[in-house]
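Chains R and A, in that order, are what the protein sequence lines are.
Count along the first sequence from 1, add 858, and you get the number used in the numbering used here.
Count along the second sequence from 1, add 858, and you get the number used in the numbering used here.
Virtual Cβ for every residue (Gly too), placed ideally from N, Cα, C.
2 protein chains.
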Amino acid sequence: MSKQTTFIPTFSLQEAQKALENNIKNLNTEGKPTDLYAPIEYIMSLGGKRMRPLLVLLGYSLYDNEWKNAVASAIVTEVFHNFTLLHDDIMDNAPIRRGQPTAHEKWDESTALLSGDLMLIKTYQWFQEAVPSDKFPLILELFNKCAIGVCEGQQFDMEFEKRNNVENEVQIEEYLEMIKLKTAVLLGFSLELGAILGGAKPFEAQQLREVGILAGIGFQLHDDILDVYADPKTFGKRVGGDITENKKTYLMLTALQKEKETGNNELQNWINKQEFNEVEKVNAITQIYNNLNIRQLTEQKMNEYFEKSYQILENLSVKHDNQKQFLKQFLMQIQERQK
Amino acid sequence: MSKQTTFIPTFSLQEAQKALENNIKNLNTEGKPTDLYAPIEYIMSLGGKRMRPLLVLLGYSLYDNEWKNAVASAIVTEVFHNFTLLHDDIMDNAPIRRGQPTAHEKWDESTALLSGDLMLIKTYQWFQEAVPSDKFPLILELFNKCAIGVCEGQQFDMEFEKRNNVENEVQIEEYLEMIKLKTAVLLGFSLELGAILGGAKPFEAQQLREVGILAGIGFQLHDDILDVYADPKTFGKRVGGDITENKKTYLMLTALQKEKETGNNELQNWINKQEFNEVEKVNAITQIYNNLNIRQLTEQKMNEYFEKSYQILENLSVKHDNQKQFLKQFLMQIQERQK
């Protein structure tokens, strides 16, 4: 495979985003009964970063310039992601998604549940329609593994919320495994899917999955940080939400470990409190984090994951080496985002 | 294709049932977190008639004697069916399934929801593993259509429950379309799947789907009858459940139509009553049905569907013509069952 050193194709993120939005708008989500189909269009239209399909296109571009060929397949990763949001919102009893009422609020829980089921089935149907038939069996196999991982991650996440005793406390390693499953494997699959569609060799596609998984764990750690330290003016959701809900984030688990080492139990006491003023709790725990240097420790961990991700990407030989910069830039945007 | 007139292979229902139960017992439903995987094994072990996988094997046997080759694929129709039960039970808020607590009662709603999602993903994974790769694309396409139909049917069913006014009353034609989607298309798909796996031509497989759909509508009409007229000693669930819940069954819709024709509104009054004694309501409405000959009218309709189903089967030329009797016997058992 010869490297193309003379022709430098440019991947325009803006152009890709536009193509994706256009394609999402034209998804055939019509059918009867109307209320079964409407939530699909609704949740897909709420926006978001479209990170997963962009990763598909970025992965594709490492091997082939015609990323437009991969748009229809790329969209399906976003459909699957939005299916998980639909069902997660039911499980979390969440009233708001991206500033709008969640589907189970706008319709009802049964309709949102069933619409989610339909969306998952549509994921398979649309993958079969979009992916070239010779590549479909492998992609289906990889997707199923990924989708199973996402379910496992969500269940771990729900179970962790109930583990508040010292005897069965969540370990940091367990947490990292959970976010890998819940969030990172789908980012990994998206990059891998793009690579396979673009013509990558199996080993290359696997390496790109690793790139996506490592960046995905970093992405979630960044989310944990932002939930405490984001600028409330630009963040879009309530800062400190994880704290009031005793969410076992990397920050909280690291702080709990530090406390244990020093024999302190200020944080544990806040967690155990049944009645509290929310603002007071958020302020107090943020102060504990500050005293223990938790933000820096989490950033350090996050940066480690991103660095590992970049390293694999750099060492990987792909067809269009000059395209790596676009993927790296995109991952760096995720690493450095402020909201 | 030569008919085998000398060798009469026998399809043993008992043997097939045994093979299916064995295979279900050996399904790999292990994984972590345990609570995510346990409901799959739980609901699969609750038993049931295993009608769908039996139809796969019966369809297969029309074309090939080695029905054991189709057992692994057949099981997947039962996995999908049980996925729908898991989610339907959440939507219907049902406490009991086959005499045992439903999964969302035994665990919790979020776990049952997520287990169902996993089960649907497993359906695809196990189909890909079980079905020969050359037949897989067609089978996946047909399955997706069937699964979408099942979701549509469930949504129609839920919506019909809310349509209690005369202005938007459910029409009998709508009801028949609903049960076709909710129940019959999966029976049709099961027969079709068996036929395809056995080596049927596309037209033959489609005809067998029709056989399954018609018998499936008949099956549901029979269910409606049994819910009112079954022997309470052997029925397994409460007789008259549909009546107390104002379910728009074929019986109720037919009776409402008859009432309308005669200007009577005794039944409509019972439906509108907010407070009532359950036994009194069941007895009164059963009496209305008796007076209007509703049982006979429903049986007549049911028998029409079964007869149409048998007719298509009889006219269809299959490879092993002598095997048709086993399929017909099986469908007649469904038609004549008392529970």
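Can you list, in chain order, the residues of its chain with a C-beta nearer than 6 Å to that of residue i? Leave out the 5 residues immediately preceding and following it.
i, result
"R/T1092", "K1197"
"A/M902", "I882 and N940"
"R/G1007", "L1039 and V1043"
"R/M1160", "G1076, L1079 and H1080"
"A/K1118", "none"
"A/G1056", "Y918, Y921 and D922"
"A/V989", "S931 and I997"
"A/F938", "T981"
"A/D1082", "T1107, Y1108 and L1109"
Please state whether the Cβ-Cβ distance between residue i and residue j is less than 8 Å.
i, j, result
"R/R955", "R/L878", "no"
"A/L1267", "R/I948", "Any answer about residue 1267 of chain A is impossible in this case: the structure gives chain A only from 859 up to 1197."
"A/S973", "A/P897", "yes"
"A/A1058", "A/Y921", "yes"
"A/D975", "R/C1004", "no"
"A/R910", "A/T935", "yes"
"A/T1156", "A/L1084", "no"
"A/K1116", "A/L1079", "no"
"R/Q1012", "R/K1040", "yes"
"A/S931", "A/F985", "yes"
"A/V1069", "A/L1171", "yes"
"R/F1164", "R/Q1191", "no"
"A/I1071", "A/I1037", "no"
"A/I997", "A/L1051", "yes"
"A/F1188", "A/L912", "yes"
"A/G957", "A/G1094", "yes"
"A/K993", "A/Y900", "no"
"R/F1001", "A/P891", "no"
"A/S1167", "R/P995", "no"
"R/I871", "R/I933", "It should be pointed out that residue 871 of chain R corresponds to Leu in this sequence rather than to Ile. Taking 8 Å as the Cβ cut-off, R/L871 and R/I933 do not qualify as a contacting pair."
Tell me which residues share the same chain as residue i and place their Cβ nearer than 7 Å to its Cβ, disregarding the 5 neighbours each side in the sequence.
i, result
"R/T960", "D947, A952, P953 and I954"
"A/G889", "Y895"
"A/K1139", "I1101, T1102 and W1128"
"A/R908", "Q875, L878 and E936"
"R/R1021", "E1027 and V1028"
"A/A1063", "E1050, A1053 and I1054"
"A/I1143", "I1101, L1125 and W1128"
"R/N1148", "none"
"R/Q1065", "I1170 and L1174"
"R/I1152", "L1109, T1112 and A1113"
"R/R1067", "G1046, F1047, L1049 and E1050"
"R/E873", "none"
"A/D950", "none"
Would you mind telling me which residues of chain R sit closer than 8 Å to residue i, beta carbon to beta carbon, in chain order?
i, result
"A/P891", "E1010, Q1013, F1014 and E1017"
"A/L971", "H945, I948, M949 and L971"
"A/A1005", "I979"
Since residue i sits in a beta bridge, which residues does DSSP pair it with?
i, result
"R/Q958", "R/R955"
Listing by chain order, which chain A residues have their CB less than 8 Å from the CB of residue i?
i, result
"R/P995", "Q986, S991 and F994"
Output needed for residue i: all residues of its chain with C-beta closer than 8 Å, excluding positions within five of it in sequence on either side, in chain order.
i, result
"A/F1199", "Outside the shown range of chain A (859 to 1197) lies residue 1199 of chain A, about which nothing can therefore be said."
"A/A1088", "V1097, Q1196 and K1197"
"A/E1019", "E1103, N1104, K1105 and K1106"
"A/E987", "A930"
"A/N1123", "E1117"
Cβ closer than 7 Å: which chain R residues qualify as neighbours of residue i?
i, result
"A/E999", "Q986"
"A/S968", "M949 and M1016"
Using a C-beta to C-beta distance shorter than 7 Å, which residues of chain A count as neighbours of residue i?
i, result
"R/N1002", "I979, Y982 and Q983"
Quick one: list the residues of chain R neighbouring residue i, beta-carbon separation under 9 Å, in chain order.
i, result
"A/L976", "A1005, I1006, C1009, E1010 and Q1013"
Counting only Cβ-Cβ distances shorter than 8 Å, please list the residues of the stretch 1018 to 1047 of chain R near chain A, keeping chain order. none
If you measure beta-carbon to beta-carbon, which residues of the stretch 919 to 930 of chain R are closer than 7 Å to chain A? none
What residues in the stretch 886 to 916 of chain A have a beta carbon less than 8 Å from any beta carbon of chain R? Correct list: G889, K890, P891, D893 and L894.
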